[in-house]
Each structure stands twice: as C-alpha cells, then as structure tokens.
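A.B. asks: Quick one: the structure is below, questions incoming.
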Amino acid sequence: MDSADPPARAERLNALLTEYSGPPRLTDHAGTGWHLHYRPDDLPAHRQIASLIAVGTALHLTGRGMHRLGRCAAGGCAHVYADFSRNGRQRYCSPACGNRDAVRRHRARTGAETEGADAGL
Ligand SMILES: [Zn+2]
Ligand SMILES: [Zn+2]
C-alpha cells in the first residue's frame with residue numbers, strides 16, 4: 000500500500016488527482032477573497048475533502064520534496080505524517096511516539112546489559 004520511491008508515489012498521486020481534482024479555477028465563493036480551487040465548486044463534502052487531500056499532498060511533496068511523507072516508525076503506531084521538519088528526516092508521527100520509542104530502545108539496551116552483568120556474577 001505504501002510506496003516510498005518517488006516514481007511510484009507520483010504514479011499513485013497522479014491517479015488520485017485524476018480521480019478527485021479538476022482544472023484549477025479562480026473562485027470567490029465565500030466573498031472573502033479570490034483564490035484557486037483545484038476542483039469544481041459544487042462537489043459534495045466528501046469529494047471536496049478527497050480533492051483537498053490529493054492536491055494538498057501533491058503540493059507538499061513537490062514543494063518540500065518527494066520523501067516528505069512517511070509512516071510512523073514507532074512499534075504499534077500506523078499513523079502517516081507529512082514531514083515539515085527542518086532537515087526532512089522525521090521518523091515519527093508525533094513527539095510522543097518518538098519519546099516512547101526512545102524509552103523502548105533504551106530499555107532494550109540496558110535490559111541486555113543487566114543480563115550480561117548477572118551472568119558474570
Ligand atoms: Zn475556497
Ligand atoms: Zn506514531
């Protein structure tokens with residue numbers, strides 16, 4: 000389901016754009032200022048959301064880099080994140096998952112060390 004390699008990502012995203020977005024259109028539908036929509040104005044809400052996600056993801060990846068989308072590296076978490084980090088090396092969906100994984104890795108390391116020490120006594 001996930002594809003990390005840029006051509007595969009582009010292909011999947013292009014399929015979503017074909018399905019859910021339309022030609023760019025200038026609109027002032029709320030009377031709050033002219034802006035671009037990448038869809039017709041009269042879509043039902045669920046199609047508007049699908050269009051927003053497809054176009055938003057495409058703009059994010061082409062603007063920031065094709066690798067800036069990932070799945071959380073913490074065990075047991077399946078969340079997807081958009082990487083807005085400065086260095087583009089985000090691995091977790093949230094600081095909470097990063098901390099939880101750091102604690103788990105620390106325990107795994109020190110647990111192994113303790114066993115080694117016990118065996119030596
Ligand atoms: Zn709008
Ligand atoms: Zn997570």
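The opening position of the sequence shown corresponds to residue 0 in numbering that gives the first Met the number 0, with each subsequent residue numbered one higher. The beta carbon of each residue, even a glycine, is placed where N, CA and C say it ideally should be.
Does at least one heavy atom of ligand 2 sit under 7 Å from the Cβ of His59?
C.D. replies: no
A.B. asks: Can Thr56 and Leu68 be called in contact, C-beta distance under 8 Å?
C.D. replies: yes
A.B. asks: Taking just the CA atoms, how far does Gln47 sit from His28?
C.D. replies: 14 Å
A.B. asks: Run the Cβ filter for me: residues under 7 Å from any heavy atom of ligand 2, listed in the order they occur in the chain.
C.D. replies: Cys71, Ala73, Cys76, His78, Tyr91, Cys92, Ser93 and Cys96
A.B. asks: Confirm, please, whether the CB-CB distance from Arg70 to Ala81 is below 8 Å.
C.D. replies: no
A.B. asks: Grab the span of the beta strand (DSSP E) containing Gly69 for me, first residue to last.
C.D. replies: Following the DSSP letters along the chain, one finds Gly69 inside the beta strand (DSSP E) bounded by residues Leu68 to Arg70.
A.B. asks: Quick check: Ala44 and Tyr19, are their CB atoms within less than 8 Å of each other?
C.D. replies: Not in contact: Ala44 and Tyr19 (Cβ atoms no closer than 8 Å).
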